[in-house]
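There are 2 protein chains.
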Amino acid sequence: MTHQHSVESAIGILDSGVGGLTVVREVFQQLPKEKVLYFGDTLRCPYGPRPSDEVRRFTLEIVRYLSGHPLKALVIACNTATALALDEVRRQVNVPVLGVVEPGARAAIKVSQQGRVGVIGTEGTIRSSAYERALKRIDPRLYVVSLACPALVPLVESGREENENSRKILRESLAPLKKHRLDSLILGCTHYPLIASMISREMGSGVTLISSAEETTRELIGILSSHGLLRQGPARHPEEHHFFTSGRPEAFRSIAERWLHRRVRVEHAVLSALDESQVG
Amino acid sequence: MTHQHSVESAIGILDSGVGGLTVVREVFQQLPKEKVLYFGDTLRCPYGPRPSDEVRRFTLEIVRYLSGHPLKALVIACNTATALALDEVRRQVNVPVLGVVEPGARAAIKVSQQGRVGVIGTEGTIRSSAYERALKRIDPRLYVVSLACPALVPLVESGREENENSRKILRESLAPLKKHRLDSLILGCTHYPLIASMISREMGSGVTLISSAEETTRELIGILSSHGLLRQGPARHPEEHHFFTSGRPEAFRSIAERWLHRRVRVEHAVLSALDESQVG
Numbered sequence: 001m002t003h004q005h006s007v008e009s010a011i012g013i014l015d016s017g018v019g020g021l022t023v024v025r026e027v028f029q030q031l032p033k034e035k036v037l038y039f040g041d042t043l044r045c046p047y048g049p050r051p052s053d054e055v056r057r058f059t060l061e062i063v064r065y066l067s068g069h070p071l072k073a074l075v076i077a078c079n080t081a082t083a084l085a086l087d088e089v090r091r092q093v094n095v096p097v098l099g100v101v102e103p104g105a106r107a108a109i110k111v112s113q114q115g116r117v118g119v120i121g122t123e124g125t126i127r128s129s130a131y132e133r134a135l136k137r138i139d140p141r142l143y144v145v146s147l148a149c150p151a152l153v154p155l156v157e158s159g160r161e162e163n164e165n166s167r168k169i170l171r172e173s174l175a176p177l178k179k180h181r182l183d184s185l186i187l188g189c190t191h192y193p194l195i196a197s198m199i200s201r202e203m204g205s206g207v208t209l210i211s212s213a214e215e216t217t218r219e220l221i222g223i224l225s226s227h228g229l230l231r232q233g234p235a236r237h238p239e240e241h242h243f244f245t246s247g248r249p250e251a252f253r254s255i256a257e258r259w260l261h262r263r264v265r266v267e268h269a270v271l272s273a274l275d276e277s278q279v280g
Numbered sequence: 281m282t283h284q285h286s287v288e289s290a291i292g293i294l295d296s297g298v299g300g301l302t303v304v305r306e307v308f309q310q311l312p313k314e315k316v317l318y319f320g321d322t323l324r325c326p327y328g329p330r331p332s333d334e335v336r337r338f339t340l341e342i343v344r345y346l347s348g349h350p351l352k353a354l355v356i357a358c359n360t361a362t363a364l365a366l367d368e369v370r371r372q373v374n375v376p377v378l379g380v381v382e383p384g385a386r387a388a389i390k391v392s393q394q395g396r397v398g399v400i401g402t403e404g405t406i407r408s409s410a411y412e413r414a415l416k417r418i419d420p421r422l423y424v425v426s427l428a429c430p431a432l433v434p435l436v437e438s439g440r441e442e443n444e445n446s447r448k449i450l451r452e453s454l455a456p457l458k459k460h461r462l463d464s465l466i467l468g469c470t471h472y473p474l475i476a477s478m479i480s481r482e483m484g485s486g487v488t489l490i491s492s493a494e495e496t497t498r499e500l501i502g503i504l505s506s507h508g509l510l511r512q513g514p515a516r517h518p519e520e521h522h523f524f525t526s527g528r529p530e531a532f533r534s535i536a537e538r539w540l541h542r543r544v545r546v547e548h549a550v551l552s553a554l555d556e557s558q559v560g
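Protein chains in written order, with this note's numbering: chain A, 1 to 280; chain B, 281 to 560.
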C-alpha cells in the first residue's frame, strides 16, 4: 500500500460501526486543523461475536479502502479490531497505527494511585483480555477487574438521557465492581464516553474514569508532532471530513450528527470483498 | 541521513550536558528492553546563553554523529535545543523526533484543573518562552507563570542532599510563584526531576509537578508502539547502552553513575566540526 506522508493528509479512523465516533469527537476537539476519514462497518457490526480471522479480514479490507486516500496516521477505534488485528495492520501500512487499548492502559497506570484498575467493555473485548494483558505487561503487580457490560451500548444508542430507568440499568451493570475498591476505571468501549458523567456518578468521585478515545487522540498528537506532521493554519471546514459506512448512510448520519453536534457528509462504501455471506 | 527502522535499533538521546540523563533514567525504567545511545555535549555546555544559530548548528552536529548508528527515534533532551532546533532536526532525519517541551506542556494541560500553570527552567529556556507558547497554542485561556531558577542546576549537580541550606536556596528560588495559586508546575529543566520531592514539599500538595522527562518517555512509548517498533524480549544488558561525551569521560561517568544507579560505558566523542573557537 502506498501513502503520501504529507501534512495535508488525513487521519484515518475505522470502527465496526458508530462507536469510533467518540474518537472523531476527540480529534475534532483536540486537533481541529486535521482532516478525518472515518469508516464505520455498520453492515457487519458488531465485530465482538465474530471469529478472530474474520475480524482480521474485515479490518484489513477497511484499511485497504482507506489507504486509497492519502493518510498520515490510522486509528483502529474498535476495541475488538484492536485486540485482534492491530499487529497485522501495522505490518501492512507504513504510517503510524494506533489502537485504543494501549493508550487507555497507559493512561490508567499513570493515574492509578493504588494500582486497582477496572475495565468495562463489550463481551468481545473483555473476553479477549486485551486491556488486562496490556496493563499487566506494563505493571504485573496491578489488581485488574474486568467486566462485560452488554446493556450499555444499547443505552447509549437509544439516546443516553439520564432517567430512573437508565440509572437502574447502569447501577445493575456496574454493581459487580463496587466491592473491589477501584481507583480508576477504563471505559473500554468507544460508546461509553458518551455516558461518562452517569458512570462517574455511579462509581463515585474516588474512581478516575479513563476514556480510551481521549487518550488515543492525545497519543496521536504526540505521534504526528514527532514526525513534524501536525498541520498549522485554520481549522478544517466541516465539508473536508469524509464518513464512509458499509450500511445505510441515513441511519449513520443521524447518529453521527447527534453525537458530533454538527452536520456530516456520509457516503455509502462498497468493500470489494464484501458479499452477503459475511453479513450476519 | 540514512536510518534503519528496526526494532533492534537504538533510541538516540542528546543533551548539552548531563541533564538529559533524567530522560535516560525514565527510558531505563519505562522501556528496559530498549537500547540507548546518549550524547552529552559537556564540552560546550551550557547551551542556554549561546546565540540561536550556534545552538542549532551544535544540535545538528550531534544529530549527524548519532545518525551514524541505527536509530529508531531521537529525543532532544535539552530544553534550549528543543526550543531552537527541533523543527530543523525533524526536517533532517526520517525517524520520529521528540523534544521535551511539547510533552511537558500537554501533560500540564491534562492535569491542570484551574488552568493555572507554572514553568520553572534555566534562564535560556524561560527567555525562549517555548513552554508558554506550547501551552497557549493548545489553550490560549491558560494562566501561565514562568520563572528562571538559575540556582537549581548547581544544587542538583552538587549532590542534591536535603539540608537547611538547600531548602533555603529552593525556598528563595520558588518564592515568586507562591502568590499565583498554581495548580501545576512544569519542571522545565531536565535537572529538576532529581530534586522533585524537595520542590514538591516547597510548593505544597495542591500543586502537581510535571516531569518533562517522564512525559517525553511516555510519548516515546506511544510513538514506537504505533510503528510496531517496541522491542520484545529480555531487558537490555547494561553494556549495550552507549554514552558519548564531547568532554571528559571520567567526569561524565561519575555523574551518570550517581544519577542512574548503575555502571555505564562512556566514550569520548570528537565532532568533526568541533574546534576550540566554539568552546566557551
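Note that the Cβ used here is the ideal one computed from N, Cα and C, for glycine as well.
Quick caveat, the model's predicted, so the values are computed rather than measured.
Item to check | Own chain partners of A:VAL24 with C-beta closer than 7 Å, once the 5 adjacent residues on each side are dropped | outcome: For the purposes of this step, residue 24 of chain A is taken as residue 24 along the first sequence, with counting starting at 1. Closer than 7 Å at Cβ, skipping near neighbours: ILE13, VAL36, TYR38, LEU260.
Next on the checklist: Any beta carbon from chain A within less than 9 Å of B:ARG371's own beta carbon?
Outcome noted: Residue mapping note: residue 371 of chain B aligns to position 91 of the second sequence, counting from 1. B:ARG371 counts as touching chain A.
Next on the checklist: Helix, strand or coil for B:HIS460? Go by DSSP, reduced to three states.
Outcome noted: Walking along the second sequence from the start, residue 460 of chain B turns up at place 180. Look at B:HIS460 here: in three-state DSSP terms it is helix.
Checklist entry - Do the segment 339-356 of chain B and the segment 190-205 of chain A touch if we need at least three Cβ pairs shorter than 8 Å? => result Counting Cβ pairs under 8 Å, fewer than three are found: no touch.
Checklist entry - So with Cβ pairs under 9 Å, would you call A:ALA241 a contact of chain B? => result The sequence position of residue 241 of chain A within the first sequence is 241, counting from 1. Reading the sequence as shown, one finds His at residue 241 of chain A and not Ala. Using beta-carbon distances, A:HIS241 does not count as an interface residue toward chain B, since no partner is under 9 Å.
Checklist entry - For B:ASN443, is the classification buried or exposed, using 16 other Cβ atoms within 10 angstroms of its Cβ as the cut-off for buried? => result Position 163 of the second sequence holds residue 443 of chain B. By the neighbour-count rule (16 or more Cβ atoms within 10 Å), B:ASN443 is not buried but exposed.
Item to check | Cβ-based neighbour list, B:GLY486, same chain, cut-off 6 Å, excluding 5 preceding and 5 following | outcome: By one-based count along the second sequence, residue 486 of chain B stands at place 206. Result list for B:GLY486: empty, nothing under 6 Å.
Checklist entry - Is the CB-CB distance between A:SER16 and A:CYS45 below 9 Å? => result As a working mapping, residue 16 of chain A is identified with position 16 in the first sequence. As a working mapping, residue 45 of chain A is identified with position 45 in the first sequence. In this structure, A:SER16 places its C-beta atom within 9 Å of the C-beta atom of A:CYS45.
Item to check | contact_flag[the segment 536-550 of chain B, the segment 243-255 of chain A] where n(CB pairs < 8 Å) is 3 or more | outcome: With a cut-off of 8 Å, the segment 243-255 of chain A and the segment 536-550 of chain B do not count as touching, because too few Cβ pairs lie within range.
Item to check | Sub-9 Å separation of A:LEU147 and A:GLY115 beta-carbons | outcome: Taking the first residue of the first sequence as position 1, residue 147 of chain A is located at position 147. Taking the first residue of the first sequence as position 1, residue 115 of chain A is located at position 115. Result no, Cβ atoms of A:LEU147 and A:GLY115 do not sit closer than 9 Å.
Item to check | Rounded C-alpha distance that separates B:LEU432 from B:GLY508 | outcome: Against the second sequence, residue 432 of chain B aligns to sequence position 152. Against the second sequence, residue 508 of chain B aligns to sequence position 228. Inter-residue distance for B:LEU432 and B:GLY508 is about 39 Å (C-alpha atoms, whole angstroms).
Item to check | Neighbourhood of A:MET1 by C-beta, 6 Å cutoff - its chain only, sequence neighbours within 5 removed | outcome: Within the first sequence, residue 1 of chain A is the residue found at index 1, counting from 1. Since pLDDT at A:MET1 reaches only 41, below the 50 mark, its modelled position is unreliable, and no value is offered.
Item to check | Closer than 8 Å at the beta carbon, the chain B residues around A:GLY222 | outcome: Start at 1 with the first residue of the first sequence, and residue 222 of chain A comes out as number 222. Residues of chain B passing the Cβ test: LEU378, GLU382, PRO383, ARG386, GLU499, GLY502, ILE503.
Next on the checklist: When you compare the CB positions of A:VAL270 and A:PRO249, do they come within less than 9 Å of one another, or not?
Outcome noted: Residue 270 of chain A sits at position 270 when you count from the first residue of the first sequence. Residue 249 of chain A sits at position 249 when you count from the first residue of the first sequence. It is not a contact, given that the beta carbons lie outside the stated cut-off.
Checklist entry - According to DSSP, is A:GLU267 helix, strand or coil? => result The sequence position of residue 267 of chain A within the first sequence is 267, counting from 1. Residue state, collapsed to three classes: strand.
Next on the checklist: Taking the alpha-carbon of A:ARG231 as reference, which of A:ILE199, A:TYR65, A:VAL27, A:GLY159 has the nearest alpha-carbon?
Outcome noted: Locating residue 231 of chain A in the first sequence gives position 231, counting from the first residue. If we check each option's Cα against that of A:ARG231, A:VAL27 comes out closest.
Checklist entry - Just by C-beta distance, which residues in the segment 392-403 of chain B are closer than 8 Å to chain A? => result Going along the segment 392-403 of chain B in chain order, one finds no residue with a Cβ nearer than 8 Å to chain A.
Next on the checklist: Check this for me: beta carbons of B:THR497 and B:SER392, under 9 Å apart or not?
Outcome noted: Within the second sequence, the letter at position 217 stands for residue 497 of chain B. Within the second sequence, the letter at position 112 stands for residue 392 of chain B. Cβ distance not < 9 Å, so B:THR497 and B:SER392 don't count as in contact.
Checklist entry - To which residues does DSSP link B:THR488 through a beta bridge? => result To locate residue 488 of chain B, count along the second sequence from 1; it is residue 208. B:SER464.
Checklist entry - Name the chain A residues that come within less than 8 Å of B:GLY508, Cβ to Cβ? => result Taking the second sequence and counting its residues from 1, the one referred to as residue 508 of chain B is at position 228. By Cβ distance, chain A contributes ASP87, ARG90, ARG91, VAL97.
Checklist entry - Does A:LYS33 come within less than 9 Å of chain B when only Cβ atoms are used? => result Within the first sequence, the letter at position 33 stands for residue 33 of chain A. Judged by the 9 Å Cβ criterion, A:LYS33 is not in contact with chain B.
Checklist entry - In the DSSP assignment, what residue or residues form a beta bridge with B:PHE319? => result Numbered from its first residue, the second sequence carries residue 319 of chain B at position 39. As computed with DSSP, B:PHE319 is found in a beta bridge with B:LEU294, B:PHE524.
Checklist entry - With 9 Å set as the bound, which would you pick, yes or no: does the beta-carbon of B:LYS352 sit closer than that to a beta-carbon of chain A? => result Counting from 1 along the second sequence, the entry for residue 352 of chain B is found at position 72. No - not a single Cβ of chain A is within 9 Å of the one on B:LYS352.
Next on the checklist: For the segment 117-131 of chain A against the segment 78-93 of chain A, do three or more pairs of beta-carbon atoms, one drawn from each stretch, fall closer than 8 Å, so that the two count as touching?
Outcome noted: Using a Cβ-Cβ distance cut-off of 8 Å, the segment 117-131 of chain A and the segment 78-93 of chain A are in contact, since at least three pairs of beta carbons, one from each stretch, lie closer than that value.
Checklist entry - Would you report the Cα separation of B:THR322 and B:ALA515, rounded to the nearest angstrom? => result Locating residue 322 of chain B in the second sequence gives position 42, counting from the first residue. Locating residue 515 of chain B in the second sequence gives position 235, counting from the first residue. Distance between the alpha carbons of B:THR322 and B:ALA515: 29 Å.
Item to check | B:GLY527 versus A:GLY40: straight-line alpha-carbon distance, rounded | outcome: Locating residue 527 of chain B in the second sequence gives position 247, where the first residue counts as 1. Locating residue 40 of chain A in the first sequence gives position 40, where the first residue counts as 1. Between the C-alpha atoms of B:GLY527 and A:GLY40 there is a straight-line separation of about 56 Å.
Next on the checklist: Between the alpha carbons of B:SER464 and A:SER52, how many angstroms are there, rounded?
Outcome noted: Taking the second sequence and counting its residues from 1, one reaches residue 464 of chain B at position 184. Taking the first sequence and counting its residues from 1, one reaches residue 52 of chain A at position 52. Rounded to the nearest angstrom, the two C-alpha atoms are 45 Å apart.
Checklist entry - By a C-beta neighbour count over all protein chains shown, 10 Å radius and 16 as the cutoff for buried, is B:LYS313 buried or exposed? => result The count along the second sequence starts at 1 and reaches residue 313 of chain B at position 33. Classification of B:LYS313: exposed, given that the 10 Å Cβ count is below 16.
Item to check | chain B contact for A:LYS110 (CB, 9 Å cutoff) | outcome: By one-based count along the first sequence, residue 110 of chain A stands at place 110. Yes, A:LYS110 lies at the interface with chain B (some Cβ there is under 9 Å from its Cβ).
Checklist entry - Could you give the residue range of the beta strand (DSSP E) that holds A:LYS72? => result For the purposes of this step, residue 72 of chain A is taken as residue 72 along the first sequence, with counting starting at 1. Residues 71-76.
Item to check | Proximity of B:ALA410 and B:LEU378 at Cβ, strictly below 9 Å | outcome: Start at 1 with the first residue of the second sequence, and residue 410 of chain B comes out as number 130. Start at 1 with the first residue of the second sequence, and residue 378 of chain B comes out as number 98. Contact flag unset, no.
Item to check | For A:ARG116: DSSP bridge partner residues | outcome: Along the first sequence, read from residue 1 onward, the residue named residue 116 of chain A stands at position 116. DSSP lists A:TYR143 as partners of A:ARG116.
Checklist entry - In three-state terms, what does DSSP make of A:LEU98? => result Residue 98 of chain A sits at position 98 when you count from the first residue of the first sequence. In the structure shown, A:LEU98 sits in a strand (DSSP, three-state: E or B).
Item to check | Continuous alpha helix (DSSP H) stretch holding B:THR402: start and end | outcome: On the second sequence, residue 402 of chain B is found 122 positions in, with the first residue counted as 1. That residue, B:THR402, is in no alpha helix (DSSP H); it is neither H nor E in DSSP.
Next on the checklist: Quick check: A:SER128 and A:LEU86, are their CB atoms within less than 9 Å of each other?
Outcome noted: In the first sequence, residue 128 of chain A corresponds to position 128, counting from 1. In the first sequence, residue 86 of chain A corresponds to position 86, counting from 1. No, Cβ-Cβ distance for A:SER128 and A:LEU86 is not below 9 Å.
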